[in-house]
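Here the structure is laid out as structure tokens; the discussion comes afterwards.
Residue numbers (the working numbering), protein chains in the order written: chain F, 11 to 362; chain L, 471 to 837.
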């Protein structure tokens, strides 16, 4: 047993043995209590908090069960929730098609860029084709986090590409202008940016134009993400071998063609990991909209804690939100690594 | 068209388009302000604020001006940032060392912690510490007692305060410095990076100074604690949330920097007869520090920006005081947001300039 590699990895040296004992002590102190709270003494069925407390000493998961739908849709009308599901299904199907299709990826990508936004906007907002309009005040929960993430990420791509090229431009006015924009947006905290959207955006628009609170948040989050995207894409552009552009020029391509058709696609492929990082950060940061009066998952949890029937169950509410965010981020990361493998250079080279 | 003419044409177009947009926005702003009857200007900064700032390091009184409030709030932001930077660095180093320790349990725990911390929102962590942990603490009379004179309850953390004079501290610190220098000198002389000597000197100095200084311990008298110093739950939750979140990223940066040092360096040091500990301190860490500085800079800047999340739990930092309280009272959206953004851009500029200077110094030394 003493020769066993696992034993050696735990007790191989004096230092190692001390660390192992310390870690075991730490586990013994924390794990049993947590397990007892979350499972052993947890209450799954109860009408309200008082009933929970009367039943057992652990977590009151009945609270989560009672408000489960609210956490995902907030007060989006119950009869219309199929629209949210259908919108998500359209996104997943076309997104999967763009990821996994072999021959017609161009069409799938076009679908992802044009069909999905239009169809999903119609489905969620409603008002045409006999769909009941649903005002954005009724949007919320995890659905809102997803909507903001997708809109901001989609809008950030063109902004990021434009600013990245701008910062690499040989014309000083464009270069300094782009640099200034990128550094400004990267230099200020997202929360101040959201406040800017809330209080400044209406001032910048003509008198009498009233902007929806959600749209204000979307606009600033898109620009903010675009600045970070620009730096990632610039890194990708720098990583493309010079010979590629030179070869394309030698073939007689115009400079714009060279950049857009030869350099940019390769650059985007290089910066997939960076873009996935931005997507994960963005998704986590969508929770900040709860501070400026929108009811995303965090906002709904915060609001639910004030419900007289369930007041004060902060641990349960936030642990649940953490689990949801954790798995959502995991899905984004996994999707990212699939994307990365799919677009990596090696399989293409072997195909030809 | 010649390429020069083309360049000139396009840049002129860019300037014209930008100018048009700016003029359009400015025009709208002027109309909107006129409609609301607001006159643009920073004169309101000299007006009386009239609100209380519950936690302040700089002097504050309800009768002070908005301008003074800006100063007080900025100090609060910087104070929270400083605490978070120190805590996050220490936690990050701990997590990184656990991850690199070669011990299965420590590596697994560190990895699991880092994954959980990195994949949940920072705001959620701050709010969790505030509402689920600190607000769930017992009231004043049933305080959790740590040792004999540290108390934790729903009103915050009560710590003993040193009431010693400045002179006590200076003597204590000097004694500690002399002691450590004497201990270290014979063994490694001046080879050890000075930065690594600094924390132990400071800690030992604080301990020694603690013995020479007078301690004023908090004690429950009637309905409140007398003596000591109270750390409000807002700053505790903000410090815990921000520093734990960032420590996961710092840990990964440190790990990457240490792994990034070529294995040949370790082997060369071993073949020269250096022990593993000295190899780490004298060969690996000084070189890793050079790789580490740029990503560490951006993490520190992130921390400064993240302190704005204190607004979610009403920690009186600059966004909370200005974009909320002052804006609500005065209605001066443009001026207030300009000030808040300006403060952050200024902090950013100064911090990145300082870190760049440090980076340049280290980068030059080695080559």
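Backbone N, C-alpha and C define an ideal beta-carbon position, used for all residues, glycine too.
Residue 30/F versus chain L: which residues are under 7 angstroms apart at the beta carbon?
Under the 7 angstroms cutoff, chain L gives 573 and 575.
Please state the DSSP three-state secondary structure of residue 250/F.
coil
Cβ contact (3+ pairs, closer than 8 angstroms) linking the segment 66-75 of chain F and the segment 48-56 of chain F:
yes
Going by alpha carbons, who is nearest to residue 26/F out of 550/L, 572/L and 561/L?
572/L
Mapping the DSSP letters down to three states, classify residue 39/F as helix, strand or coil.
helix
Using the rule of at least 16 other Cβ atoms within 10 Å of the residue's Cβ for burial, across every protein chain shown, is residue 743/L buried or exposed?
exposed
Bridge partners of residue 628/L, per DSSP?
Paired residue(s): 621/L and 700/L.
Mind the definition here: the segment 607-627 of chain L touches the segment 780-800 of chain L only if three or more C-beta pairs lie below 8 angstroms; say whether that holds.
no
Identity of the residue in 199/F, 280/F, 181/F and 221/F nearest residue 776/L by Cα
199/F
How about residue 314/F and residue 80/F: do their beta carbons lie closer than 8 angstroms?
yes
Put residue 616/L into one of helix, strand or coil per three-state DSSP.
strand
Skipping 5 residues on each side, what residues in its chain have a beta carbon closer than 6 angstroms to that of residue 235/F?
Here residue 235/F has 162, 166 and 292 as same chain residues with Cβ atoms under 6 angstroms from its own Cβ, once five neighbours each way along the sequence are excluded.
According to a CB-to-CB cut-off of less than 7 angstroms, which residues of the segment 159-184 of chain F neighbour chain L?
181, 183 and 184
Which residues in the same chain have their Cβ closer than 7 angstroms to the Cβ of residue 303/F, if we skip the five residues on either side of it in sequence?
223
Grab me the residues of residue 713/L's own chain with a C-beta within less than 7 angstroms of its C-beta, minus the 5 sequence neighbours each way, in chain order.
554, 557, 558 and 561
I need the straight-line Cα distance from residue 765/L to residue 535/L, nearest angstrom please.
39 angstroms
Three-state secondary structure (DSSP) at residue 694/L?
strand
Leaving aside the five residues before and after residue 65/F along the sequence, list all residues of the same chain whose C-beta is less than 8 angstroms from its C-beta, in chain order.
53 and 56
Residue 556/L in three-state terms, based on DSSP:
It is helical.
Under 8 angstroms between the Cβ atoms of residue 103/F and residue 129/F?
No, the pair does not count as a contact, with Cβ atoms beyond the cut-off.
Within-8 angstroms CB hit, residue 592/L to chain F:
Answer yes: the Cβ-Cβ gap between residue 592/L and chain F drops below 8 angstroms somewhere.
Distance check for residue 285/F and residue 340/F, CA to CA, integer angstroms please.
15 angstroms
Please list, in chain order, the chain L residues whose beta carbon lies closer than 9 angstroms to that of residue 335/F.
Listed along the chain, the chain L residues whose CB falls inside 9 angstroms of the CB of residue 335/F are 589, 590, 591 and 594.
With distances taken from CA atoms, which of 673/L, 624/L and 628/L is nearest residue 643/L?
673/L
At a Cβ cut of 8 angstroms, what residues of the segment 482-498 of chain L count as close to chain F, listed as they run along the chain?
484, 485, 488, 495 and 498
Determine which residues share a DSSP beta bridge with residue 518/L and list them.
535/L
Kindly say whether residue 297/F, judged by its beta-carbon, lies nearer than 8 angstroms to any beta-carbon of chain L.
yes
Name the DSSP bridge partner or partners of residue 151/F?
306/F
Local conformation of residue 66/F per DSSP, three classes
coil
Taking buried to mean at least 16 other C-beta atoms within 10 Å of its own C-beta, is residue 746/L buried or exposed?
exposed
For residue 819/L and residue 542/L, what's the separation of their Cα atoms in angstroms?
20 angstroms
Element boundaries [alpha helix (DSSP H), containing residue 274/F]
274-280
Below 7 angstroms on C-beta distance, what does residue 331/F contact in chain L?
594
Just to make sure I have the definition right: I need the residues of chain L whose C-beta is within less than 9 angstroms of the C-beta of residue 325/F. Which are they?
598, 601, 602, 603 and 606
Alpha carbon of residue 817/L to alpha carbon of residue 121/F, nearest angstrom:
44 angstroms
Quick one, which residues of the segment 782-801 of chain L are near chain F if we go by CB-CB under 7 angstroms, in chain order?
Answer set for the segment 782-801 of chain L: 782, 789, 793 and 797.
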